[in-house]
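Numbering (the numbering used here), first residue to last: 1 to 363.
A virtual CB, placed ideally from N, CA and C, is assigned to each residue, including glycine.
Remember, it's a predicted structure, so these values are computed and weren't measured experimentally.
These notes are about the structure you will find just below.
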Amino acid sequence: MPFLRNAWYVAAWSRELNAQEPVQRTLLGESIVFFRDSRGAGVALSNRCPHRFAPLSGGKVRGDAIECPYHGLRFDRTGQCVHNPHGDGRIPPAARAASYPLMERYGAVWIWMGEPERAHAVALPSFDYLDERHHETSSGYLLTKAHYQLSADNLLDLSHFQFLHPQTLGSEQMAANGAATFEQAGDTVWSRRLCRGERLQAFVGSAYGMPAGTAVDRRLNVRWNAPGLLSIEVGVAPAGMPPECGRVSFSGHFLTPETEASTHYFFAFGLPKAMGEAARTLVEYAVHGLMTPFKQEDLPMLEAQQRALGGGDFWAANPVMLSIDGAAIRARRIMEHKLADELKLRQAAAIPIECRSRTATHA
Numbered sequence: 001m002p003f004l005r006n007a008w009y010v011a012a013w014s015r016e017l018n019a020q021e022p023v024q025r026t027l028l029g030e031s032i033v034f035f036r037d038s039r040g041a042g043v044a045l046s047n048r049c050p051h052r053f054a055p056l057s058g059g060k061v062r063g064d065a066i067e068c069p070y071h072g073l074r075f076d077r078t079g080q081c082v083h084n085p086h087g088d089g090r091i092p093p094a095a096r097a098a099s100y101p102l103m104e105r106y107g108a109v110w111i112w113m114g115e116p117e118r119a120h121a122v123a124l125p126s127f128d129y130l131d132e133r134h135h136e137t138s139s140g141y142l143l144t145k146a147h148y149q150l151s152a153d154n155l156l157d158l159s160h161f162q163f164l165h166p167q168t169l170g171s172e173q174m175a176a177n178g179a180a181t182f183e184q185a186g187d188t189v190w191s192r193r194l195c196r197g198e199r200l201q202a203f204v205g206s207a208y209g210m211p212a213g214t215a216v217d218r219r220l221n222v223r224w225n226a227p228g229l230l231s232i233e234v235g236v237a238p239a240g241m242p243p244e245c246g247r248v249s250f251s252g253h254f255l256t257p258e259t260e261a262s263t264h265y266f267f268a269f270g271l272p273k274a275m276g277e278a279a280r281t282l283v284e285y286a287v288h289g290l291m292t293p294f295k296q297e298d299l300p301m302l303e304a305q306q307r308a309l310g311g312g313d314f315w316a317a318n319p320v321m322l323s324i325d326g327a328a329i330r331a332r333r334i335m336e337h338k339l340a341d342e343l344k345l346r347q348a349a350a351i352p353i354e355c356r357s358r359t360a361t362h363a
């Protein structure tokens with residue numbers, strides 16, 4: 001399955017990039033090198049020198065350019081070679097590496113790997129709780145050996161908590177006492193679940209200020225936007241009490257394909273600084289505590305699914321669908337439409353202008 005290219009993907013957390021050492025990451029099947037220039041601005045280039053194809057990530061950052069480790073050619077943020085240390089120093093016109101638009105928001109570096117002129121026309125969905133000016137945030141990263149849409153399926157259906165996480169995130173009441181609804185608004189998909197009278201595991205309950213053994217009502221709201229940008233709101237309150245009597249947590253989950261069978265999973269939690277020191281404690285607890293079940297329980301399951309599918313198409317495997325799959329199906333259909341539209345654009349761009357005119361005349 002091809003990747004959607006005209007979209008913003010998280011490439012790294014902002015803290016990962018610096019002006020001293022380049023960072024390499026494979027995204028959408030392509031090797032990319034990242035660094036910061038002398039002004040601190042992020043740069044993303046194809047990780048292949050156009051001379052002898054050496055990986056630029058093995059070189060050094062030299063001011064506003066990166067130096068190839070093989071023959072010393074240097075490339076600026078546009079990918080143009082700006083220094084040739086050999087002979088008369090003449091720079092061949094073709095000495096250029098592909099460059100990619102970047103932006104930094106919500107503590108992350110976002111990359112656009114499609115048509116550059118379309119980048120500014122696509123806005124990011126809101127993750128305001130990760131705005132570090134007003135929120136305490138904590139973030140993490142995992143590499144998942146599975147297709148990114150399997151990870152999206154997982155996050156859009158949290159009913160698996162009871163069965164995959166019985167001793168951690170789940171409860172015995174989740175399936176019997178939970179009601180799920182799904183909604184699509186344009187290209188946004190919502191999955192909402194309300195579980196009444198749950199008795200949470202102690203370490204989960206304590207994160208929401210609930211004494212051990214307290215019966216609670218837990219709501220889990222998941223928002224999905226293409227290609228794999230998810231926001232999760234979890235609210236916990238004493239059973240039968242209004243939601244405002246409890247505590248709410250927010251987390252962002254960003255799925256960026258590495259290859260067709262592996263995914264960069266970036267996740268972050270944020271709480272208002274107005275909460276004081278408790279906000280810092282809770283977001284760090286969330287990343288190091290609440291995400292542990294994902295690493296130890298979800299990742300092995302996702303990777304087992306990927307092995308079962310092999311390189312085959314998801315729908316070609318004839319999956320049996322249940323009522324709990326409503327949101328995941330909607331997300332997959334939206335992606336299919338977006339991929340089809342993008343393919344049409346590429347095909348139209350590949351037709352010479354005179355042929356397009358002739359086709360339009362005969363239409």
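Could you tell me how far apart the beta carbons of residue i and residue j are, in whole angstroms, since I believe they sit closer than 8 Å?
i	j	result
L45	A108	About 19 Å; that fails the 8 Å criterion.
S138	V283	4 Å
N6	R118	5 Å
F127	S231	6 Å
E277	L4	Wrong, their Cβ atoms sit about 41 Å apart, outside the cutoff.
L339	P2	6 Å
A152	A328	7 Å
Establish whether the CB of residue i and some CB of chain C are separated by less than 7 Å.
i	result
E172	The question asks about chain C, but that chain is absent: this structure has only one protein chain.
Does the beta-carbon distance from residue i to residue j come in below 7 Å?
i	j	result
P272	H135	yes
A268	G252	yes
F266	V10	yes
C195	M174	yes
L17	M113	no
F314	Y129	no
A215	R193	no
G186	V287	no
Y100	I91	no
Y285	R247	no
L309	A317	yes
Please list, in chain order, all residues of the same chain as residue i whose beta carbon is under 8 Å from its beta carbon, the five residues on each side excluded.
i	result
T188	P125, R223, W224, N225
Q305	A146, L150
A19	F35, R36, D37, S38, G40, V61
K344	none
L169	F161, Q201, V204, L290, P293
P238	M210, T214, A215, V216, D217, C245, G246
T26	I32, E258, T259
I66	P22, V33, F35, V43, L45, L56, G59, K60, R74, F75
How would you label residue i, buried or exposed, when you count the other beta carbons within 10 angstroms and need 16 or more for buried?
i	result
R333	exposed
G213	exposed
P378	Because the chain is modelled from 1 through 363, residue 378 falls outside the range shown and cannot be assessed.
M335	buried
N154	buried
D217	buried
E132	exposed
R15	exposed
G240	exposed
G312	exposed
G270	buried
R74	buried
H165	buried
A121	exposed
A350	exposed
G89	exposed
A279	buried
T359	Its pLDDT being 43, under 50, T359 is placed unreliably in this model, and the coordinates cannot settle the point.
Tell me which same chain residues have a C-beta within less than 6 Å of the C-beta of residue i, skipping the five on either side of it?
i	result
G326	F182
Y148	G228, L255, P257, T263
G72	P85
I324	D157, S159
V33	P22, Q24, L45, N47, L56, S57
G87	none
G178	R193, C195
R219	L194, G235
N221	R192, E233
A180	R193
Please return the same chain residues whose Cβ sits closer than 7 Å to the Cβ of residue i, not counting the five positions on each side in sequence.
i	result
R330	F182, Q184, V189
P300	none
S171	Q162, E198, R199, L200
G42	L17, F34, R36, L102, E104, V109
A94	P50
D369	As displayed, the chain neither begins before 1 nor continues past 363, which places residue 369 out of reach and without an answer.
W70	Note on residue identity: the sequence assigns Tyr, not Trp, to residue 70. C49, R52, A54, listed in sequence order.
R346	none
Pairs of beta-carbons, one from the region 58 to 70 and one from the region 290 to 309, closer than 8 Å: are there three or more?
no
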